[in-house]
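Asker:
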Amino acid sequence: MADVAAAFAQCSGATPADPCLDPCLDSRPDSQADPLARAEAELARVLATLADGQREGRESLSFARLAKRSALPMSTLLRYLGVLADARWVVIETSEPTRQHVRLTLAGLAQHDSLATHASLAMSSLGSDGLPP
22 MADVAAAFAQ
32 CSGATPADPC
42 LDPCLDSRPD
52 SQADPLARAE
62 AELARVLATL
72 ADGQREGRES
82 LSFARLAKRS
92 ALPMSTLLRY
102 LGVLADARWV
112 VIETSEPTRQ
122 HVRLTLAGLA
132 QHDSLATHAS
142 LAMSSLGSDG
152 LPP
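Under my numbering, think of the first position of the sequence shown as 22, with each following residue one higher.
1) Ordered along the chain, which non-local residues of its own chain (more than five positions away) have a Cβ less than 6 Å from that of S83?
2) Straight-line CA distance for T115 to E61?
3) Does the Cβ-Cβ distance between R109 and E80 come in under 8 Å?
4) Does the Cβ-Cβ distance between A65 and L127 come in under 8 Å?
5) Could you tell me the boundaries of the beta strand (DSSP E) in which T115 lies?
6) Tell me whether S81 sits in a helix, a strand or coil according to DSSP, three-state version.
7) Given this structure, state the Cα-to-Cα distance separating A72 from L105, to the nearest angstrom.
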């Protein structure tokens, strides 16, 4: 994920993430959170949305459905899909001249599972107050 986030950061001009920031704290566009950390969280959300769609039996999602489910503006989603496609984590399919779908690849699913495992391990190491012991 770091490679993909770094590629996106290079395209957007963001600075490296501050490890002290939690990218999930505030992902609003007007947030003072680091742009790279926010991009990492949003990329993970796109992967999670596609993985959820697969679990529901949808092999692919339309751009519009993916934008709505991931709560990302279409322009942002398109930039992220370009980065994810370059990493070969998603495939963009065109069924009609104006209809495009996104499909999660096996590599993308493995990356999502890795992120989900990492997140659950991080959460399980926190105390009841949400802070590390």
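Ideal Cβ placement from N, Cα and C applies to all residues, glycine included.
Nothing here was measured: the structure is a model prediction, and the numbers come from that model.
Answerer: Taking the coordinates as given:
1) One-based indexing of the sequence shown puts residue 83 at position 62. Closer than 6 Å at Cβ, skipping near neighbours: H122.
2) Residue mapping note: residue 115 aligns to position 94 of the sequence shown, counting from 1. Residue mapping note: residue 61 aligns to position 40 of the sequence shown, counting from 1. The alpha-carbon atoms of T115 and E61 are separated by roughly 26 Å.
3) The residue you call residue 109 lines up with position 88 of the sequence shown. The residue you call residue 80 lines up with position 59 of the sequence shown. Taking 8 Å as the Cβ cut-off, R109 and E80 do not qualify as a contacting pair.
4) To locate residue 65, count along the sequence shown from 1; it is residue 44. To locate residue 127, count along the sequence shown from 1; it is residue 106. No, these two residues do not count as a Cβ contact at 8 Å.
5) Counting from 1 along the sequence shown, the entry for residue 115 is found at position 94. That run of the beta strand (DSSP E) goes 111 to 117.
6) As a working note, residue 81 is residue 60 in the sequence shown. Coil.
7) The count along the sequence shown starts at 1 and reaches residue 72 at position 51. The count along the sequence shown starts at 1 and reaches residue 105 at position 84. Going from the Cα of A72 to the Cα of L105 covers about 14 Å.
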